[in-house]
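Colleague: Below are the C-alpha coordinates for one structure; questions will follow.
Numbering (the UniProt record's numbering), first residue to last: 1 to 341.
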(Lines of atoms letter the chains of each structure in order from A and count residues from 1; the text may use other names and numbers.)
(Lines give C-alpha, C1' and ligand atoms only; values in the text may rest on other atoms or scores of the structure.)
Protein backbone atom coordinates (compact mmCIF):
# COMPACT_ATOMS: atom_id res chain seq x y z
CA UNK A 1 0.00 0.00 0.00
CA UNK A 2 1.45 3.31 -1.01
CA UNK A 3 0.67 6.73 0.32
CA UNK A 4 0.89 9.89 -1.68
CA UNK A 5 2.84 12.78 -0.28
CA UNK A 6 2.22 16.36 -1.17
CA UNK A 7 4.85 19.05 -0.91
CA UNK A 8 3.77 22.12 1.05
CA UNK A 9 5.37 25.46 0.42
CA UNK A 10 7.82 26.65 3.01
CA UNK A 11 6.89 29.55 5.26
CA UNK A 12 3.79 30.49 7.20
CA UNK A 13 0.39 29.37 5.97
CA UNK A 14 -1.64 32.17 4.33
CA UNK A 15 -4.49 31.88 6.82
CA UNK A 16 -1.99 32.46 9.66
CA UNK A 17 0.04 35.20 7.96
CA UNK A 18 -2.91 37.55 7.58
CA UNK A 19 -3.80 37.76 11.31
CA UNK A 20 -0.09 38.23 12.09
CA UNK A 21 0.12 41.16 9.70
CA UNK A 22 -3.05 42.65 11.17
CA UNK A 23 -1.60 42.29 14.67
CA UNK A 24 1.63 44.01 13.65
CA UNK A 25 -0.38 46.81 12.05
CA UNK A 26 -2.52 47.16 15.19
CA UNK A 27 0.58 47.39 17.39
CA UNK A 28 2.17 49.93 15.04
CA UNK A 29 -0.94 52.13 15.13
CA UNK A 30 -1.19 51.84 18.91
CA UNK A 31 2.48 52.67 19.40
CA UNK A 32 2.40 55.66 17.01
CA UNK A 33 -1.05 57.12 17.65
CA UNK A 34 0.28 60.59 18.40
CA UNK A 35 2.45 60.71 15.27
CA UNK A 36 -0.39 59.40 13.08
CA UNK A 37 -2.83 61.92 14.58
CA UNK A 38 -0.61 64.93 13.93
CA UNK A 39 0.08 63.66 10.41
CA UNK A 40 -3.67 63.45 9.77
CA UNK A 41 -4.15 67.00 11.05
CA UNK A 42 -1.35 68.17 8.74
CA UNK A 43 -2.81 66.37 5.69
CA UNK A 44 -6.35 67.67 6.33
CA UNK A 45 -5.12 71.22 6.86
CA UNK A 46 -3.11 71.26 3.65
CA UNK A 47 -5.97 69.64 1.75
CA UNK A 48 -8.13 72.58 2.86
CA UNK A 49 -5.46 75.03 1.73
CA UNK A 50 -5.03 73.35 -1.66
CA UNK A 51 -8.77 73.11 -2.31
CA UNK A 52 -9.48 76.63 -1.04
CA UNK A 53 -6.55 78.36 -2.74
CA UNK A 54 -5.25 76.10 -5.53
CA UNK A 55 -3.55 78.97 -7.38
CA UNK A 56 -1.34 79.54 -4.32
CA UNK A 57 -0.79 76.04 -2.95
CA UNK A 58 -0.06 74.35 -6.27
CA UNK A 59 2.79 76.80 -6.81
CA UNK A 60 6.19 75.78 -5.43
CA UNK A 61 6.99 79.41 -4.60
CA UNK A 62 4.81 79.34 -1.48
CA UNK A 63 6.63 76.27 -0.15
CA UNK A 64 9.99 77.87 -0.89
CA UNK A 65 8.84 80.85 1.15
CA UNK A 66 7.90 78.58 4.06
CA UNK A 67 11.27 76.87 3.87
CA UNK A 68 13.05 80.21 4.16
CA UNK A 69 11.21 81.30 7.34
CA UNK A 70 10.27 78.13 9.27
CA UNK A 71 13.78 77.18 10.45
CA UNK A 72 14.27 80.30 12.60
CA UNK A 73 11.50 79.14 14.90
CA UNK A 74 11.77 75.42 14.11
CA UNK A 75 15.22 74.76 15.53
CA UNK A 76 14.13 76.27 18.85
CA UNK A 77 10.89 74.28 18.90
CA UNK A 78 12.82 71.04 18.42
CA UNK A 79 15.10 71.82 21.36
CA UNK A 80 12.16 73.00 23.47
CA UNK A 81 10.68 69.50 23.11
CA UNK A 82 13.41 68.15 25.39
CA UNK A 83 12.71 70.81 28.04
CA UNK A 84 8.95 70.26 27.98
CA UNK A 85 9.40 66.48 28.07
CA UNK A 86 11.17 67.08 31.39
CA UNK A 87 7.99 68.68 32.67
CA UNK A 88 9.71 72.08 32.64
CA UNK A 89 9.15 75.22 30.55
CA UNK A 90 11.44 77.88 29.10
CA UNK A 91 9.95 81.25 28.18
CA UNK A 92 13.26 83.06 27.76
CA UNK A 93 14.50 81.58 24.48
CA UNK A 94 13.18 84.47 22.31
CA UNK A 95 15.16 86.92 24.46
CA UNK A 96 18.18 84.60 24.29
CA UNK A 97 17.79 84.69 20.52
CA UNK A 98 17.92 88.49 20.69
CA UNK A 99 21.06 88.41 22.83
CA UNK A 100 22.73 85.97 20.46
CA UNK A 101 21.72 88.05 17.44
CA UNK A 102 23.30 91.14 19.03
CA UNK A 103 26.48 89.17 19.79
CA UNK A 104 26.60 87.92 16.21
CA UNK A 105 26.12 91.38 14.68
CA UNK A 106 28.43 93.24 17.05
CA UNK A 107 31.20 90.65 16.66
CA UNK A 108 30.98 90.69 12.87
CA UNK A 109 31.10 94.50 12.74
CA UNK A 110 34.07 94.61 15.12
CA UNK A 111 36.12 91.76 13.59
CA UNK A 112 34.76 91.11 10.12
CA UNK A 113 34.95 87.39 10.93
CA UNK A 114 31.85 85.36 10.13
CA UNK A 115 33.06 82.16 11.90
CA UNK A 116 33.91 84.10 15.06
CA UNK A 117 30.51 85.80 15.00
CA UNK A 118 28.79 82.41 14.73
CA UNK A 119 30.79 81.03 17.67
CA UNK A 120 29.97 84.10 19.78
CA UNK A 121 26.24 83.75 19.01
CA UNK A 122 26.20 80.06 19.88
CA UNK A 123 28.32 80.71 22.98
CA UNK A 124 25.98 83.44 24.25
CA UNK A 125 22.96 81.22 23.62
CA UNK A 126 24.59 78.29 25.41
CA UNK A 127 25.61 80.45 28.38
CA UNK A 128 22.10 81.85 28.76
CA UNK A 129 20.64 78.35 28.57
CA UNK A 130 23.19 77.08 31.07
CA UNK A 131 22.18 79.81 33.51
CA UNK A 132 18.53 78.77 33.19
CA UNK A 133 19.47 75.13 33.75
CA UNK A 134 21.52 75.89 36.86
CA UNK A 135 18.75 78.03 38.35
CA UNK A 136 16.20 75.27 37.79
CA UNK A 137 18.23 72.11 38.48
CA UNK A 138 20.71 73.29 41.14
CA UNK A 139 19.13 76.28 42.87
CA UNK A 140 15.62 74.83 42.62
CA UNK A 141 13.79 77.83 41.17
CA UNK A 142 10.62 76.74 39.31
CA UNK A 143 11.36 76.87 35.60
CA UNK A 144 8.44 79.15 34.73
CA UNK A 145 9.58 81.68 37.35
CA UNK A 146 13.26 81.45 36.43
CA UNK A 147 12.71 81.86 32.71
CA UNK A 148 10.20 84.70 33.06
CA UNK A 149 12.90 86.54 35.00
CA UNK A 150 15.63 85.83 32.45
CA UNK A 151 13.23 86.61 29.59
CA UNK A 152 12.84 90.20 30.83
CA UNK A 153 16.48 90.48 31.85
CA UNK A 154 17.98 89.42 28.52
CA UNK A 155 15.52 91.50 26.49
CA UNK A 156 16.29 94.57 28.59
CA UNK A 157 20.02 93.87 28.40
CA UNK A 158 19.86 93.65 24.59
CA UNK A 159 18.21 97.08 24.45
CA UNK A 160 20.85 98.51 26.80
CA UNK A 161 23.73 97.07 24.73
CA UNK A 162 22.23 98.09 21.40
CA UNK A 163 20.95 101.42 22.77
CA UNK A 164 17.71 100.71 20.95
CA UNK A 165 19.43 100.80 17.57
CA UNK A 166 19.83 98.20 14.85
CA UNK A 167 23.00 96.99 13.17
CA UNK A 168 23.14 96.88 9.35
CA UNK A 169 24.97 93.78 8.14
CA UNK A 170 24.72 93.92 4.35
CA UNK A 171 28.40 92.95 4.02
CA UNK A 172 27.55 89.46 5.35
CA UNK A 173 26.60 88.47 1.80
CA UNK A 174 30.20 89.00 0.67
CA UNK A 175 31.59 86.37 3.05
CA UNK A 176 32.15 82.83 1.72
CA UNK A 177 30.36 81.25 4.71
CA UNK A 178 27.12 83.13 4.12
CA UNK A 179 25.73 80.69 1.49
CA UNK A 180 26.47 77.75 3.83
CA UNK A 181 23.87 79.06 6.26
CA UNK A 182 21.29 80.83 4.11
CA UNK A 183 22.26 80.21 0.48
CA UNK A 184 20.05 78.53 -2.09
CA UNK A 185 20.59 75.08 -3.57
CA UNK A 186 18.81 72.99 -6.21
CA UNK A 187 15.44 74.49 -7.12
CA UNK A 188 16.02 77.50 -4.89
CA UNK A 189 15.69 75.51 -1.66
CA UNK A 190 17.04 77.64 1.22
CA UNK A 191 20.01 76.24 3.10
CA UNK A 192 18.43 77.16 6.43
CA UNK A 193 15.75 74.56 5.71
CA UNK A 194 18.46 71.97 5.08
CA UNK A 195 19.94 72.84 8.48
CA UNK A 196 16.49 72.45 10.01
CA UNK A 197 15.99 69.03 8.42
CA UNK A 198 19.42 67.77 9.51
CA UNK A 199 18.91 68.98 13.09
CA UNK A 200 15.40 67.47 13.15
CA UNK A 201 16.71 64.04 12.07
CA UNK A 202 19.52 64.14 14.65
CA UNK A 203 17.16 65.16 17.44
CA UNK A 204 14.62 62.50 16.47
CA UNK A 205 17.34 59.85 16.69
CA UNK A 206 18.58 61.16 20.05
CA UNK A 207 15.04 61.41 21.41
CA UNK A 208 13.97 57.92 20.32
CA UNK A 209 17.19 55.91 20.09
CA UNK A 210 19.90 57.43 22.28
CA UNK A 211 20.34 56.90 26.00
CA UNK A 212 20.07 60.65 26.59
CA UNK A 213 16.58 60.70 25.11
CA UNK A 214 15.58 57.84 27.39
CA UNK A 215 16.97 59.71 30.38
CA UNK A 216 14.95 62.81 29.48
CA UNK A 217 11.78 60.71 29.30
CA UNK A 218 12.54 58.99 32.62
CA UNK A 219 13.24 62.29 34.38
CA UNK A 220 10.07 63.83 32.97
CA UNK A 221 8.00 60.85 34.07
CA UNK A 222 9.34 60.61 37.62
CA UNK A 223 12.54 62.38 38.60
CA UNK A 224 12.78 60.58 41.96
CA UNK A 225 12.65 57.17 40.30
CA UNK A 226 15.12 58.37 37.67
CA UNK A 227 17.52 59.45 40.43
CA UNK A 228 17.20 56.03 42.09
CA UNK A 229 18.05 54.41 38.74
CA UNK A 230 21.35 56.31 38.69
CA UNK A 231 20.36 59.03 36.23
CA UNK A 232 22.00 62.37 37.00
CA UNK A 233 18.79 64.39 36.99
CA UNK A 234 20.41 67.80 37.43
CA UNK A 235 22.85 67.20 34.58
CA UNK A 236 20.07 66.09 32.24
CA UNK A 237 18.05 69.23 32.98
CA UNK A 238 21.05 71.53 32.57
CA UNK A 239 21.94 69.93 29.23
CA UNK A 240 18.39 70.36 27.93
CA UNK A 241 18.20 74.03 28.87
CA UNK A 242 21.69 74.61 27.44
CA UNK A 243 20.71 72.88 24.19
CA UNK A 244 17.72 75.19 23.84
CA UNK A 245 20.00 78.18 24.38
CA UNK A 246 22.40 76.97 21.69
CA UNK A 247 19.50 76.45 19.25
CA UNK A 248 18.29 79.97 20.03
CA UNK A 249 21.78 81.13 19.10
CA UNK A 250 21.67 79.15 15.85
CA UNK A 251 18.22 80.55 15.07
CA UNK A 252 19.67 84.04 15.56
CA UNK A 253 22.55 83.28 13.17
CA UNK A 254 20.16 82.01 10.50
CA UNK A 255 17.72 84.91 10.89
CA UNK A 256 20.30 87.70 10.93
CA UNK A 257 22.18 86.10 8.03
CA UNK A 258 18.97 85.95 5.99
CA UNK A 259 17.80 89.52 6.59
CA UNK A 260 21.35 90.99 6.98
CA UNK A 261 20.18 93.24 9.79
CA UNK A 262 19.99 93.09 13.58
CA UNK A 263 17.26 94.83 15.53
CA UNK A 264 16.78 94.80 19.34
CA UNK A 265 13.40 93.08 19.05
CA UNK A 266 14.89 90.01 17.33
CA UNK A 267 13.09 86.92 18.64
CA UNK A 268 9.89 88.67 19.71
CA UNK A 269 6.84 86.84 18.40
CA UNK A 270 8.38 83.36 18.52
CA UNK A 271 7.18 82.05 21.94
CA UNK A 272 3.62 81.23 20.83
CA UNK A 273 4.54 79.59 17.50
CA UNK A 274 7.45 77.56 18.93
CA UNK A 275 5.66 76.30 22.03
CA UNK A 276 2.46 75.85 20.03
CA UNK A 277 4.33 73.58 17.62
CA UNK A 278 5.56 71.46 20.54
CA UNK A 279 2.09 71.12 22.09
CA UNK A 280 0.36 70.47 18.76
CA UNK A 281 3.01 67.83 18.10
CA UNK A 282 1.92 65.80 21.12
CA UNK A 283 4.37 66.70 23.88
CA UNK A 284 2.27 67.33 27.02
CA UNK A 285 3.21 70.08 29.43
CA UNK A 286 3.35 67.69 32.39
CA UNK A 287 6.26 65.76 30.80
CA UNK A 288 7.23 62.12 30.64
CA UNK A 289 6.32 61.61 26.97
CA UNK A 290 6.44 63.45 23.70
CA UNK A 291 7.19 63.27 20.01
CA UNK A 292 10.04 64.98 18.18
CA UNK A 293 8.42 64.00 14.88
CA UNK A 294 5.22 65.60 16.12
CA UNK A 295 7.09 68.83 16.87
CA UNK A 296 8.56 68.78 13.35
CA UNK A 297 5.08 68.50 11.81
CA UNK A 298 3.80 71.07 14.29
CA UNK A 299 6.42 73.52 13.02
CA UNK A 300 5.24 72.94 9.45
CA UNK A 301 1.63 73.57 10.52
CA UNK A 302 2.25 76.65 12.65
CA UNK A 303 4.74 78.16 10.22
CA UNK A 304 2.38 77.96 7.26
CA UNK A 305 -0.91 78.69 9.00
CA UNK A 306 -0.98 82.47 8.62
CA UNK A 307 -0.24 82.34 4.90
CA UNK A 308 -2.92 79.68 4.47
CA UNK A 309 -5.49 81.73 6.36
CA UNK A 310 -4.79 84.78 4.19
CA UNK A 311 -4.81 82.70 0.99
CA UNK A 312 -8.27 81.38 1.90
CA UNK A 313 -9.53 84.95 2.07
CA UNK A 314 -9.87 85.03 5.85
CA UNK A 315 -8.67 88.16 7.62
CA UNK A 316 -5.25 87.81 9.21
CA UNK A 317 -6.72 88.89 12.55
CA UNK A 318 -8.12 85.38 12.89
CA UNK A 319 -4.68 83.75 12.82
CA UNK A 320 -4.25 83.61 16.60
CA UNK A 321 -7.82 82.36 16.98
CA UNK A 322 -6.99 79.47 14.66
CA UNK A 323 -3.66 78.90 16.47
CA UNK A 324 -5.55 78.48 19.72
CA UNK A 325 -8.24 76.33 18.13
CA UNK A 326 -5.67 73.97 16.60
CA UNK A 327 -3.75 73.65 19.85
CA UNK A 328 -6.96 72.99 21.79
CA UNK A 329 -8.17 70.35 19.32
CA UNK A 330 -4.78 68.65 19.19
CA UNK A 331 -4.23 68.44 22.95
CA UNK A 332 -7.82 67.24 23.43
CA UNK A 333 -7.26 64.43 20.92
CA UNK A 334 -4.01 63.46 22.64
CA UNK A 335 -5.61 63.54 26.09
CA UNK A 336 -8.34 61.14 24.89
CA UNK A 337 -5.73 58.85 23.33
CA UNK A 338 -3.62 58.79 26.50
CA UNK A 339 -6.66 58.13 28.71
CA UNK A 340 -7.67 55.16 26.54
CA UNK A 341 -4.14 53.79 26.71
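Each residue gets a CB set at the ideal place from its N, CA and C atoms; glycine is no exception.
Does the separation of the CB atoms of residue 53 and residue 312 fall below 8 Å?
Modeller: Closer than 8 Å, so yes.
Colleague: Would you mind sorting residue 240 into buried or exposed? The rule is 16 or more other CB atoms within 10 Å of its CB.
Modeller: Buried: at least 16 other Cβ atoms inside 10 Å.
Colleague: Round the Cβ separation of residue 169 and residue 72 to the nearest angstrom and send it over; I've been treating them as touching at under 8 Å.
Modeller: Between residue 72 and residue 169 the Cβ distance is about 16 Å, and since that is not below 8 Å, they are no contact.
Colleague: On the DSSP bridge list, what partners appear for residue 167?
Modeller: Note: residue 167 sits in a beta bridge opposite 262.
Colleague: In this structure, how does DSSP classify residue 190 when only helix, strand and coil are distinguished?
Modeller: Looking at residue 190 - three-state DSSP - the assignment turns out to be strand.
Colleague: Taking only the alpha-carbon atoms, compute the straight-line gap between residue 161 and residue 76 and give it to the nearest angstrom.
Modeller: Those two C-alpha atoms are separated by around 24 Å.
Colleague: Return the first residue and the last residue of the alpha helix (DSSP H) that residue 227 is part of.
Modeller: Residues 223 to 228.
Colleague: For my contact list, residue 92 and residue 147 are in at a C-beta cut-off of 8 Å; report their separation, rounded to the angstrom.
Modeller: Rounded, the Cβ-Cβ distance is 4 Å, consistent with contact.
Colleague: Excluding the 5 residues preceding and the 5 following residue 343 in the sequence, name in chain order all residues of the same chain whose CB lies nearer than 6 Å to its CB.
Modeller: Nothing about residue 343 can be reported from this structure: the residues present for the chain run from 1 to 341 only.
Colleague: Please list the terminal residues of the continuous alpha helix (DSSP H) segment that includes residue 178.
Modeller: Taken as a continuous stretch (DSSP letters only), the alpha helix (DSSP H) holding residue 178 covers 178 to 182.
Colleague: For residue 89, which residues in the same chain have their Cβ closer than 6 Å to its Cβ, ignoring the five residues on either side in sequence?
Modeller: Cβ neighbours of residue 89 beyond the five flanking positions: 143, 144.
Colleague: On the three-state DSSP scale, how would you describe residue 88?
Modeller: In this structure, residue 88 counts as coil in the three-state DSSP scheme.
Colleague: Buried or exposed: where does residue 235 fall if 16 or more other Cβ atoms within 10 Å of its Cβ makes it buried?
Modeller: Exposed is the call here.
Colleague: Are the beta-carbon atoms belonging to residue 264 and residue 164 less than 8 Å from one another?
Modeller: Closer than 8 Å, so yes.
Colleague: Assuming contact is defined by CB atoms lying nearer than 8 Å, are residue 305 and residue 322 in contact in what I supplied?
Modeller: A contact, by the Cβ cut-off of 8 Å.
Colleague: For residue 100 and residue 216, I'd like the C-alpha separation in whole angstroms.
Modeller: Going by the C-alpha atoms only, they are around 26 Å apart.
Colleague: So, residue 284 versus residue 334, is the Cβ gap smaller than 8 Å?
Modeller: Yes, Cβ-Cβ distance for residue 284 and residue 334 is below 8 Å.
Colleague: Going along the chain, which residues of its own chain have a beta-carbon closer than 6 Å to the beta-carbon of residue 111, five neighbours each way excluded?
Modeller: Excluding residues within five positions, none has a Cβ falling inside 6 Å.
Colleague: On a Cα-Cα basis, can you pick out the residue from 295, 134, 260, 308 that is closest to residue 39?
Modeller: Checked all of 295, 134, 260, 308; the closest Cα to residue 39 is 295.
Colleague: Mapping the DSSP letters down to three states, classify residue 175 as helix, strand or coil.
Modeller: Reduced to three states, the DSSP call for residue 175 is coil.
Colleague: Can you find the residues in the same chain that come closer than 7 Å, C-beta to C-beta, to residue 35, ignoring five residues on each side of it along the sequence?
Modeller: Closer than 7 Å at the Cβ level, and outside the excluded window around residue 35, lie 291, 293, 294.
Colleague: Relative to the alpha-carbon of residue 326, which residue among 42, 96, 153 has its alpha-carbon at the smallest distance?
Modeller: Among 42, 96, 153, the Cα nearest to that of residue 326 is on 42.
Colleague: Excluding the five sequence neighbours on either side, which residues of its own chain have a C-beta within less than 8 Å of the C-beta of residue 195, listed in chain order?
Modeller: Excluding residues within five positions, the ones whose Cβ falls inside 8 Å are 71, 75, 181, 250, 254.
Colleague: Given a threshold of 16 other Cβ atoms within 10 Å of its Cβ, counted over all protein chains shown, does residue 176 qualify as buried or as exposed?
Modeller: The residue in question, residue 176, is exposed, as its Cβ has fewer than 16 Cβ neighbours within 10 Å.
Colleague: In the DSSP assignment, find the unbroken alpha helix (DSSP H) run with residue 151 in it and report its ends.
Modeller: Its alpha helix (DSSP H) spans residues 143 to 162.
Colleague: Give a yes or no on whether the C-beta atoms belonging to residue 166 and residue 82 are separated by under 8 Å.
Modeller: It is not a contact, given that the beta carbons lie outside the stated cut-off.
Colleague: Does the distance from the C-beta atom of residue 137 to that of residue 238 stay below 8 Å?
Modeller: Contact flag set, yes.
Colleague: Roughly how many angstroms lie between the CA atoms of residue 330 and residue 86, to the nearest whole one?
Modeller: In a straight line, the C-alpha of residue 330 is about 20 Å away from that of residue 86.
Colleague: In whole angstroms, give me the CA-to-CA distance for residue 408 and residue 245.
Modeller: No information on residue 408 is available, as it lies outside the stretch 1 to 341 that the chain covers here.
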